[in-house]
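Structure record follows, encoded as structure tokens.
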Amino acid sequence: MNQQPVAALRTYVISWCALLALLALTLGSAYVPLGWLNTVINLTISITQAAIVLLFSMHLRFAHPTLRVVAGSGFFGIAILIALSLSDVLTR
Amino acid sequence: MGSTVAALAPQFDDAAQQREASRLGIWIFLATEVLFFGVLFAAYTITRVHDPAAFAAGSRLTNVTLASINTAVLLTSSLTMALGVLAAQSGSRRATVGWLSLTVALGISFLAIKGIEYRIDYLEHLIPTVNFLYTGAQAGRVELFFYLYFVITGIHALHVLIGVVVISVMAVFASKGAFNSDYFTPVDVTGLYWHLVDIIWLFVYPMLYLVRS
Numbered sequence: 244m245n246q247q248p249v250a251a252l253r254t255y256v257i258s259w260c261a262l263l264a265l266l267a268l269t270l271g272s273a274y275v276p277l278g279w280l281n282t283v284i285n286l287t288i289s290i291t292q293a294a295i296v297l298l299f300s301m302h303l304r305f306a307h308p309t310l311r312v313v314a315g316s317g318f319f320g321i322a323i324l325i326a327l328s329l330s331d332v333l334t335r
Numbered sequence: 045m046g047s048t049v050a051a052l053a054p055q056f057d058d059a060a061q062q063r064e065a066s067r068l069g070i071w072i073f074l075a076t077e078v079l080f081f082g083v084l085f086a087a088y089t090i091t092r093v094h095d096p097a098a099f100a101a102g103s104r105l106t107n108v109t110l111a112s113i114n115t116a117v118l119l120t121s122s123l124t125m126a127l128g129v130l131a132a133q134s135g136s137r138r139a140t141v142g143w144l145s146l147t148v149a150l151g152i153s154f155l156a157i158k159g160i161e162y163r164i165d166y167l168e169h170l171i172p173t174v175n176f177l178y179t180g181a182q183a184g185r186v187e188l189f190f191y192l193y194f195v196i197t198g199i200h201a202l203h204v205l206i207g208v209v210v211i212s213v214m215a216v217f218a219s220k221g222a223f224n225s226d227y228f229t230p231v232d233v234t235g236l237y238w239h240l241v242d243i244i245w246l247f248v249y250p251m252l253y254l255v256r257s
């Protein structure tokens, strides 16, 4: 929000193009048989896309640190949930 | 209504501080939304780790073409939403209404495509407890995949529907001139919600539709 409207418009359009390009990439990669690497590639692309939306569309790039911590807390919570659950499931 | 809601609440020093407080509030809500979907993602992860082959078999039965189109629709709606917030911030009434209406149209398109997808799933007998009919290997595990598929996409679609309703209300407010460069928080906060629904879909899409190998 601390950007000039014209600069913000440019940022949004560039992000949109990047997001669509990454969509094409993740879709295309799913048809290349790479085994477990497919999942890694898909997930990496999703995280990249999410980062673009969080930083640019949702303005976390310019946000107050308090806001960033709150925004990150949900994702941090899931990471703990999945990591600890897997530490059980994968070691049985 | 513009003058009543636009007024600075007494506990704030200025409009900027009031905006920051609203953003903090919506982000706390969004963090709980992330946790809400996170539980479903965790259930998905554990089930899939348990039986990767059945999940690949299930995923191959989903409609990747419609889902990919829908991803593009949602990403585009996120752009139009961002432009709507920008227009509200610059106090341009017509542009705000235009962008918000376009966002609503894209949101409805997403739901319509999702509906077509569900219809195809129904015809292909893929709906657990309704008409699930799969005779291949590990049918029970494939059915479990479809349980997760319907719960995750269904709850996500509900969030899109709520977004469509809220954005429509914002468009009506905007048409009455409720927003200006000092007061556009409702549009801003609605935009943050809409972008988060978009982010969640960016993970749902590869999880459910792209498990091909």
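Keeping their order, the protein sequence lines are chains R and D.
Following this note's numbering, the residues of the first sequence are numbered contiguously, the last one being 335.
Following this note's numbering, the residues of the second sequence are numbered contiguously, the last one being 257.
Just so it is clear, CB atoms sit at the ideal spot from N, CA and C, and this is done for glycine as well.
The structure displayed is predicted, hence computed values, not measured ones.
Item: Cα-Cα separation between glutamate 161(D) and leucine 52(D), rounded to whole angstroms; Value: 46 Å
Item: Chain D within 7 Å of proline 248(R), Cβ atoms only; Value: yes
Item: Burial state of serine 16(D), where buried means 16 or more other Cβ atoms lie within 10 Å; Value: The structure shown does not extend to residue 16(D), since chain D is modelled only from 45 through 257, so no value can be given for it.
Item: Classification of aspartate 242(D) by the beta-carbon crowding that lies within 10 angstroms, buried from 16 upward; Value: buried
Item: Through-space distance from lysine 158(D) to leucine 167(D), alpha-carbon basis; Value: 14 Å
Item: Coil, strand or helix - isoleucine 321(R) by DSSP; Value: helix
Item: Exposure of histidine 200(D), with buried meaning 16 or more beta-carbon neighbours within 10 Å; Value: buried
Item: Closest Cα partner of glycine 151(D) within the set Gln133(D), Gly207(D), Ala139(D); Value: Gly207(D)
Item: Chain-ordered chain R contacts of alanine 116(D) [CB-CB under 8 Å]; Value: Leu263, Leu266
Item: Min CB distance isoleucine 206(D) to chain R below 7 Å; Value: no
Item: Assigned exposure category for aspartate 57(D) - 16 Cβ within 10 Å defines buried; Value: exposed
Item: Cβ of valine 283(R) within 7 Å of any chain D Cβ; Value: no
Item: Stretch pair the stretch 272-289 of chain R + the stretch 309-328 of chain R: three plus CB contacts closer than 8 Å; Value: no
Item: Short CB-CB distance (under 7 Å) between glycine 317(R) and chain D; Value: yes
Item: Contact the stretch 125-143 of chain D vs the stretch 228-235 of chain D: 3+ CB pairs below 8 Å; Value: yes
Item: Cβ neighbour criterion (16 or more within 10 Å) applied to proline 250(D); Value: buried
Item: Alanine 75(D): CB within 6 Å of a non-hydrogen atom of the ligand FMN; Value: The ligand FMN is absent from the structure shown, which contains no ligand whatsoever.
Item: Burial state of threonine 109(D) (16 or more Cβ within 10 Å); Value: exposed
Item: Backbone CA spacing between phenylalanine 319(R) and histidine 94(D) [nearest angstrom]; Value: 24 Å
Item: Whole-Å CB distance - alanine 116(D) paired with leucine 266(R), under 8 Å assumed; Value: 6 Å
Item: Interface residues of chain R facing tryptophan 143(D) [CB-CB closer than 8 Å]; Value: Going along chain R, no residue has its Cβ under 8 Å from tryptophan 143(D), so there is no contact; the nearest lies around 11 Å.
Item: Nearest residue (CA-CA) to glutamate 77(D), options Val255(D), Leu254(D), Tyr227(D), His239(D); Value: His239(D)
Item: Leucine 270(R) at chain D interface by Cβ criterion, 7 Å; Value: yes
Item: Min CB distance isoleucine 295(R) to chain D below 7 Å; Value: no
Item: Per-residue DSSP class, three states only, for methionine 251(D); Value: helix
Item: Contacts around arginine 104(D), its chain only, beta-carbon distance under 7 Å, and the 5 residues preceding and following it disregarded; Value: Arg256
Item: Own chain, CB closer than 8 Å to threonine 147(D), minus 5 neighbours either side, in chain order; Value: Ser121, Thr124, Met125, Gly128, Ile211, Trp238
Item: is_contact[alanine 87(D), chain R] using C-beta, thresh 7 Å; Value: no
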